[in-house]
């Protein structure tokens, strides 16, 4: 049976960081870290929403996030409609983060 590392992390199961099944988590952390670098090094008067949309794989139409911003697993983070996240956000999302609408 193939292990889903993200399901294991959501269930707070013990994981082996060196096991083959953990590679998707490493890949996602690197993808998200690179995108966080991009968004944090983009002028605030530029359109940073495209980068945030890539991080979350979701529209930023009703959301506003200020930088600096740091996250480890973009694919494990859900941001609701009407959300405002102020500067200096740090999220460790291994088990998932859900920010509900209008927060």
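Numbering (the working numbering), first residue to last: 6 to 108.
Built from N, CA and C at the ideal position, the CB exists for glycine as well.
Just so it is clear, the structure is predicted and the values come from calculations on it, not from any experiment.
Simplified DSSP assignment, three categories, for residue i
i	result
residue 89	strand
residue 100	coil
residue 19	coil
residue 8	coil
Whole-number beta carbon distance between residue j and residue i, since they are thought to touch under 8 Å
i	j	result
residue 55	residue 77	Residue 55 to residue 77, Cβ: 21 Å. No contact.
Buried/exposed call for residue i, threshold 16 Cβ in 10 Å
i	result
residue 101	exposed
residue 67	exposed
residue 31	exposed
residue 41	buried
residue 95	exposed
Same chain only: Cβ atoms within 6 Å of residue i, ignoring 5 sequence neighbours per side
i	result
residue 34	77
Proximity to residue i [Cα-Cα], best of the options
i	options	result
residue 81	19, 26 and 104	104
residue 48	16, 22 and 71	71
residue 88	96, 69 and 75	69
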